[in-house]
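Visitor: This note's numbering numbers the first residue of the sequence shown as 5 and each following residue consecutively. The C-beta atom is built at its ideal place from N, Cα and C for all residues, glycine as well. Model, not experiment: these values are computed from the prediction. Have a look at this one before I ask anything.
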Amino acid sequence: MNNNKSSRNNKRIVVKGAREHNLKNLSFEIPRNKLVVFTGVSGSGKSSLVFDTIYAEGQRRYVESLSSYARQFLERMNKPDVDFIQGISPAVAIEQKTVARNSRSTVGTTTEVYDYLRLLFARIGKTICFQCGKQVTRATTSTVVDWLEDQPDGTKFYLGFPLHQHKGHALKEEIELLKKRGFFRIYCDKKLIDLNEEKFAVKNGKNIRVIIERFKSEKGRIRENLSDSIEVTFKEGENRLVVINADTGEETEFNKYYECCGIRYEEPEPRFFSFNNPFGACPVCQGFSKTVGIDMNLVIPDPNLSIMDGAIAPFRGAKYSSFLRDLVQNAKAFKIPINIPFKQLTENQVELVKKGFGTYHGIDGFFEKLEQKTYKMHVRVMLSRFRGYTTCSACKGSRLRREALQVKISGKSIYDIVALPIEHSLKFSQELKLSEYDLLVGERILNEIIKRLKFLNDVGIGYLTLDRLSSTLSGGETQRINLATSLGSSLVGTLYV
Ligand SMILES: [Zn+2]
Ligand SMILES: [Zn+2]
Ligand SMILES: [Zn+2]
């Protein structure tokens with residue numbers, strides 16, 4: 005009886021209490037090794053059931069079965085909202101992985117090079133501040149000690165933290181709180197002030213530093229003498245610390261946040277660099293790299309024509325000829341040649357023709373005007389003639405959010421690397437000079453990247469870029485990639501042993 009039951013279960017996938025998305029606590033059984041079709045109106049939950057519950061659970065179990073080394077390349081998967089699933093084999097999930105390839109997949113993602121790159125950037129990438137171009141770091145006691153060790157012997161310093169300015173606390177209250185906590189010295193406008201002795205009038209708490217300690221720098225003794233004070237300062241200063249040169253008043257700030265120039269950065273992690281993940285994808289194009297917009301190739305269909313000969317297609321008809329007239333009238337003053345082929349215009353001149361100059365409102369202005377009249381049929385028709393997929397202006401086609409592109413290795417962002425032909429990204433990877441620490445945490449990953457790039461180069465597709473869409477490859481190129489990928493993966497397989 006018992007045996008019967010289990011053999012019956014082996015032939016079925018049993019799902020109980022599925023509630024993913026809009027599923028209403030579904031329980032059912034489906035036969036295994038059979039072609040099963042789910043039908044229903046759109047939005048009825050077919051995908052929630054098949055992909056987000058059954059497939060997701062299979063995938064999750066497969067991932068859990070992998071070694072922890074392999075797992076770190078994959079995004080953490082949440083358990084689907086279901087009480088019980090039985091009869092799913094991990095193999096099902098692997099089979100489907102190739103099927104579920106999406107339109108965003110690239111040479112880099114199919115060959116796994118991109119996964120390793122994401123991991124490498126998360127491990128050893130340096131975040132560069134938008135504002136000042138310096139590397140963003142998170143300070144520790146050691147950072148402060150090392151910095152002080154580099155200062156000339158005998159320099160007088162104050163160690164302190166910026167006065168807290170909590171919401172709802174007036175400056176006076178903050179200062180009273182300081183006294184209660186036993187801090188009596190503050191530094192403000194290049195003066196050291198004793199809160200017990202002087203009546204002082206500061207209106208702005210911004211420049212006030214609470215001083216914990218005064219000392220003279222002494223090489224070789226900083227760690228021993230000051231480590232405790234530095235730690236206390238970080239603690240009292242809510243992760244912020246200031247070292248003030250007592251003679252010059254020059255301040256050096258350290259904080260335990262990943263922050264620079266007042267901008268809080270996020271520390272890189274692999275999904276940061278994934279354009280298939282909402283966390284990493286460019287918010288404008290959702291990681292597709294293209295948005296629907298005015299396609300300049302359609303606006304200037306024949307760049308051999310001059311502006312006067314009608315290079316700008318939408319200005320040709322009588323209806324919108326006023327734009328051409330304005331352009332021509334202002335052209336001389338703005339040094340725009342109107343009698344030479346459009347393709348001979350400089351980048352700057354093309355930009356002016358787009359953005360407008362003088363009383364001419366530009367190609368952009370022209371389309372903006374049309375956009376306001378889309379209630380008219382002929383305007384919609386007109387617009388549709390010039391609309392196409394264009395490179396996303398927010399991410400410049402990189403598919404990634406701006407912050408992810410600020411993370412660099414040897415001056416290059418992950419996008420800079422995938423935009424290179426494989427033979428060049430291989431060269432870059434091979435010639436990369438890493439610090440001792442970066443080598444320690446990154447060498448193994450870097451070697452995986454080099455190995456794969458080398459296979460791709462060896463099978464003769466070194467001219468392709470890693471960001472090339474898989475869907476645009478020729479049959480031969482796809483075959484070569486599959487060959488190089490299976491060679492690459494089989495070697496990784498031996499690594500797990
Ligand atoms: Zn406060
Ligand atoms: Zn900065
Ligand atoms: Zn974008």
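Tell me the rounded alpha-carbon separation between G47 and I34.
Guide: One C-alpha to the other measures close to 21 Å.
Visitor: Let's see if you can read the secondary structure: which residues bound the alpha helix (DSSP H) around V288?
Guide: Element bounds for V288: n/a, residue is neither H nor E.
Visitor: Hey, out of K83, K50, S51 and Q333, whose CA is closest to I62's CA?
Guide: Per the sequence shown, residue 62 should be read as Gly rather than Ile. Taking only the C-alpha atoms, the option nearest G62 is K83.
Visitor: Residues near ligand 4, CB to any non-hydrogen atom under 6 Å, in chain order?
Guide: Because ligand 4 does not appear in the structure shown, any question about it cannot be addressed here, the ligands present being ligand 1, ligand 2 and ligand 3.
Visitor: Return yes when at least one heavy atom of ligand 3 lies under 7 Å from the C-beta of A408, else no.
Guide: Incorrect: A408 has no Cβ contact closer than 7 Å to ligand 3.
Visitor: Am I right that I2 and G164 are in contact with their C-beta atoms under 8 Å? What's the rounded C-beta distance?
Guide: Outside the modelled stretch of the chain, which goes from 5 to 501, sits residue 2, for which no answer is possible.
Visitor: Under the assumption that F258 contacts A398 (Cβ atoms under 8 Å), give the Cβ distance between them as a whole number of angstroms.
Guide: Rounded, the Cβ-Cβ distance is 33 Å, inconsistent with contact.
Visitor: If you pair each beta-carbon of the region 404 to 411 with each one of the region 285 to 303, do three or more pairs fall below 8 Å?
Guide: Yes, the region 404 to 411 touches the region 285 to 303.
Visitor: Please report the residue range of the beta strand (DSSP E) in which D198 lies.
Guide: Element bounds for D198: K195 to D198.
Visitor: Does ligand 3 have even one heavy atom less than 7 Å from the beta-carbon of S3?
Guide: The question about residue 3 has no answer here: the residues shown for the chain are numbered 5 through 501.
Visitor: For ligand 3, enumerate in chain order all residues having a CB closer than 5 Å to any of its heavy atoms.
Guide: Going by the Cβ distance cut-off, the answer is C286, V288, C289, C396, A398 and C399.
Visitor: So, for R329: in the same chain, excluding its five sequence neighbours on each side, which residues have a beta-carbon less than 7 Å away from its beta-carbon?
Guide: Here the set comprises nothing.
Visitor: Are V86 and G21 close, meaning C-beta to C-beta below 8 Å?
Guide: Taking 8 Å as the Cβ cut-off, V86 and G21 qualify as a contacting pair.
Visitor: How about G253 and T394: are their beta carbons less than 8 Å apart?
Guide: Contact: no.
Visitor: Tell me F88's beta-bridge partners as DSSP assigns them.
Guide: K20, per the DSSP bridge assignment.
Visitor: Would the beta-carbon of P282 fall within 8 Å of that of A126?
Guide: Not a contact, by the Cβ cut-off of 8 Å.
Visitor: Would F390 and L302 be called neighbours here (beta carbons separated by less than 8 Å)?
Guide: Yes; because the gap between Cβ atoms is below 8 Å, this pair is in contact.
Visitor: Following the continuous beta strand (DSSP E) through T395, name the residue where it begins and the one where it ends.
Guide: It spans R391 to T395 - the beta strand (DSSP E) in which T395 sits, taken as one unbroken run.
Visitor: Where does the unbroken alpha helix (DSSP H) through K431 begin, and where does it stop?
Guide: That run of the alpha helix (DSSP H) goes I426 to E435.
Visitor: Can you tell me where the beta strand (DSSP E) holding F258 begins and where it ends?
Guide: Here the beta strand (DSSP E) through F258 covers E255 to N259.
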